[in-house]
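Protein sequences, first through last, are from chains R and F. According to this note's numbering, the first sequence is numbered sequentially starting from 5. According to this note's numbering, the second sequence is numbered sequentially starting from 24. Backbone N, C-alpha and C fix where the C-beta goes; we use that ideal spot for every residue, glycine too. Quick notes on the structure that follows.
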Amino acid sequence: VNNTTVKTGPARVDIVFIGLAVATFIAVLLNSATAHDLFTPHGAAAIAAAIAFAKARFVVSDFMGLRGTAMQWLFDAWIVVVGVMSIALLLR
Amino acid sequence: MTTTAHLPGNTPVASPAPGSAGRRRLPAEPGLWGFLLADMTVFAGFFAFYLWSLGDSRAAFAADASQLIVPLGLINTLVLLASSWTVVRAVRAHSAGDWHAARTWLRLTLVGAAAFVVIKFSEYGVEIAHGHTMMSSGFFMFYFVLTAMHLMHVTIGTGLVTRWYHSLRPGGRPASLLWSESAAGYWHMVDLLWLIIFSFLYIGSHS
Numbered sequence: 005v006n007n008t009t010v011k012t013g014p015a016r017v018d019i020v021f022i023g024l025a026v027a028t029f030i031a032v033l034l035n036s037a038t039a040h041d042l043f044t045p046h047g048a049a050a051i052a053a054a055i056a057f058a059k060a061r062f063v064v065s066d067f068m069g070l071r072g073t074a075m076q077w078l079f080d081a082w083i084v085v086v087g088v089m090s091i092a093l094l095l096r
Numbered sequence: 024m025t026t027t028a029h030l031p032g033n034t035p036v037a038s039p040a041p042g043s044a045g046r047r048r049l050p051a052e053p054g055l056w057g058f059l060l061a062d063m064t065v066f067a068g069f070f071a072f073y074l075w076s077l078g079d080s081r082a083a084f085a086a087d088a089s090q091l092i093v094p095l096g097l098i099n100t101l102v103l104l105a106s107s108w109t110v111v112r113a114v115r116a117h118s119a120g121d122w123h124a125a126r127t128w129l130r131l132t133l134v135g136a137a138a139f140v141v142i143k144f145s146e147y148g149v150e151i152a153h154g155h156t157m158m159s160s161g162f163f164m165f166y167f168v169l170t171a172m173h174l175m176h177v178t179i180g181t182g183l184v185t186r187w188y189h190s191l192r193p194g195g196r197p198a199s200l201l202w203s204e205s206a207a208g209y210w211h212m213v214d215l216l217w218l219i220i221f222s223f224l225y226i227g228s229h230s
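The following block contains the structure:
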């Protein structure tokens, strides 16, 4: 039997979840006519992709629990490399 | 506020579970993360292929993408995000030895997984009824391949979560914390991949 102390109370992960949901709605708005008045279509697609990869970063750090661990930089590198590649291809 | 918990049969925990502040311990087995990165990189190859093809046929892809039912994709995104959040809660309850709470969170996760699958198949049905199949266009080939690959991962993740859930039944032998964190990590990867797929297919292809 092991004794473990676990902190409870307001959790960062709850705020992250709400933030991710809000970011999803914002990204969908990039499909609207208003957004297409503000951005070029390619630009809107690139912004939506940037939002998606930023969300992925929060999933890695806060949901997977890799924030502050040795594995975080590998996942961060994946997000940066694949994100930059994707945005470059969307702007092509 | 802090609580003291007993973890019968589990690996000693030196730091709080995912979702808590100040952790440094790597959750799950180290090898799992390498496997997940490799799996994600396979998807990255498909993403690159898709985006390259999108750049070559913008007008055709945009016309086909406009046939997708964005609200269904949005609902599924929110469902997966919520299920990822409930899995984090389940891991925290599991690490605290609160099997009842962990089962409750996992039950919600499984409801989310089922909702995702039902919505996805409903969407497939609508698309196919409108004559959109893997063979009908380049966009829909990518749509069906990417979403079906992802759906396969949802199925595997659901199996892992289900096994975890059953291990916590009254009188059962609870899964180890490392095992539960591994199942959770896989489920979060499923969520992460969908966030990107949703962005590319349902939003980025309309330009």
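Bounding residues of the alpha helix (DSSP H) (the contiguous stretch that carries residue i)
| i | result |
| --- | --- |
| Thr181 of chain F | Gly161 to Ser190 |
| Pro94 of chain F | Val93 to Ser118 |
| Met63 of chain F | Pro53 to Asp79 |
| Thr127 of chain F | Trp122 to Ala152 |
| Ser90 of chain R | Gln76 to Leu95 |
| Ala15 of chain R | Note, Ala15 of chain R: premise wrong, no alpha helix (DSSP H); not H, not E. |
| Arg71 of chain R | Looking at the DSSP string, Arg71 of chain R is not in any alpha helix (DSSP H), and its letter there is neither H nor E. |
| Thr38 of chain R | Ala37 to Leu42 |
| His46 of chain R | Pro45 to Phe62 |
Alpha carbon of residue i to alpha carbon of residue j, nearest angstrom
| i | j | result |
| --- | --- | --- |
| His29 of chain F | Leu215 of chain F | Because His29 of chain F sits at a pLDDT of 34, beneath the cut-off of 50, its placement in the model cannot be relied upon, and the following sentence gives the value as read from the coordinates. So the two alpha carbons sit approximately 32 Å from each other. |
| Gly78 of chain F | Gly57 of chain F | 31 Å |
| Gly96 of chain F | Tyr225 of chain F | 7 Å |
| Val86 of chain R | Ala124 of chain F | 37 Å |
| Asp62 of chain F | Leu33 of chain R | 30 Å |
| Arg126 of chain F | Ala137 of chain F | 16 Å |
| Leu183 of chain F | Leu59 of chain F | 14 Å |
| Phe69 of chain F | Ala113 of chain F | 32 Å |
| Leu201 of chain F | Met212 of chain F | 16 Å |
| Val102 of chain F | Val168 of chain F | 21 Å |
| Ala39 of chain R | Ala152 of chain F | 31 Å |
| Ile219 of chain F | Arg192 of chain F | 35 Å |
| Ala56 of chain R | Trp122 of chain F | 34 Å |
| Phe79 of chain R | Ala206 of chain F | 18 Å |
| Ala171 of chain F | Val140 of chain F | 11 Å |
| Arg48 of chain F | Ser118 of chain F | 13 Å |
| Ala52 of chain R | Ser222 of chain F | 6 Å |
| Ile59 of chain R | Leu104 of chain F | First, the amino acid is wrong: residue 59 of chain R is Lys here, not Ile. Roughly 10 Å between the two C-alpha positions. |
| Ser1 of chain R | Arg186 of chain F | Outside the modelled stretch of chain R, which goes from 5 to 96, sits residue 1 of chain R, for which no answer is possible. |
| Leu129 of chain F | Arg61 of chain R | 23 Å |
| Phe43 of chain R | Gly194 of chain F | 59 Å |
| Val64 of chain R | Gln76 of chain R | 8 Å |
| Ile98 of chain F | Arg196 of chain F | 35 Å |
Buried versus exposed, by CB contacts within 10 Å (16 or more), residue i
| i | result |
| --- | --- |
| Ser190 of chain F | buried |
| Met157 of chain F | exposed |
| Val65 of chain F | exposed |
| Ile179 of chain F | exposed |
| Gly54 of chain F | exposed |
| Arg115 of chain F | buried |
| Arg119 of chain R | Nothing about residue 119 of chain R can be read from this structure; chain R reaches only from 5 to 96. |
| Val88 of chain R | exposed |
| Ala31 of chain R | buried |
| Ala88 of chain F | buried |
| Asp66 of chain R | buried |
| Ser145 of chain F | exposed |
| Phe84 of chain F | buried |
| Gly227 of chain F | buried |
| Val17 of chain R | buried |
| Val26 of chain R | exposed |
| Leu74 of chain F | buried |
| Val84 of chain R | exposed |
| Ser107 of chain F | buried |
| Thr73 of chain R | buried |
| Ser203 of chain F | buried |
Could you tell me which whole alpha helix (DSSP H) segments of length 4 or greater appear in the region 187–229 of chain F? Qualifying alpha helix (DSSP H) stretches, in chain order: 200–221.
What residues in the region 92–114 of chain F have a beta carbon less than 7 Å from any beta carbon of chain C?
No chain C appears in the structure shown, which is made up of the protein chains R and F.
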